[in-house]
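> After the structure tokens below, expect a handful of questions from me.
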Amino acid sequence: MKAQGRGTILDVGVYTIQLAQFIFNGDKPISIKASGFLNDGGVDQSVSAILLYSHNRTATMITNFDVRLPNEGIIVGTKGIIKIPEFWHPTRIELPTGVIEDPLPEAPHKFNFYNSAGLRFEAMEVRTCLQT
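Heads up, the sequence shown is in my numbering, so the first residue is 24 and it goes up one at a time.
See the structure below:
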């Protein structure tokens, strides 16, 4: 598995990093501290990381193949808390002022992964970028 790059960081950790990069407008972390465990094959099985950014901003991430985590993005700021359930493919955002629901359109066929119908928006954007 190690040769295939199938660890928790590459499989699911990229989504946590992407969320932090999105929230912090692409700023690069000034410090990264991480700890975790490898399985018998040398593949990262669990990782906890703290990314420090300028202006006293912090992102904390946990990925784990052994336990089921809540899989939500939580953003804490001076104006309150934002929760994004299943943040890599959300249809709901919980704001201090209320909840925003954005259900996906019905798909004509079944997908292998939950909420994969949302990938159509990525495909449409790629097509638009290629055409311009």
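Every residue gets a Cβ at the ideal spot worked out from N, C-alpha and C, and that includes glycine.
1) Mapping DSSP to helix, strand and coil, what is E145?
2) Please list, in chain order, all residues of the same chain as D125 whose beta carbon is under 6 Å from its beta carbon, the five residues on each side excluded.
3) Where does D67 land, buried or exposed, given buried means 16+ other C-beta within 10 angstroms?
4) From the DSSP secondary-structure annotation, give me the bridge partner or partners of T81.
5) Please work out which residues of its chain come closer than 7 Å, Cβ to Cβ, to D89, disregarding the five sequence neighbours upstream and downstream, and give them in chain order.
6) Quick test of the definition: if touching needs 3 or more C-beta pairs under 8 Å, does the segment 108-123 touch the segment 48-56?
7) Here's a check: name, in chain order, each residue in its chain whose Cβ is nearer than 8 Å to the Cβ of I97, leaving out the five neighbours to either side.
8) How many Å lie between V122 and N94 at the Cα?
9) In the DSSP output, which residue or residues are listed as bridge partners for E95?
10) Decide if T31 is buried, meaning its Cβ has at least 16 other Cβ atoms within 10 Å, or exposed.
11) Within 10 angstroms of its Cβ, does G36 collect 16 or more other Cβ (buried), or is it exposed?
Considering the structure as presented:
1) helix
2) T114
3) buried
4) L75
5) Q68 and S69
6) no
7) I104, I105, K106 and I107
8) 18 Å
9) P108
10) buried
11) buried
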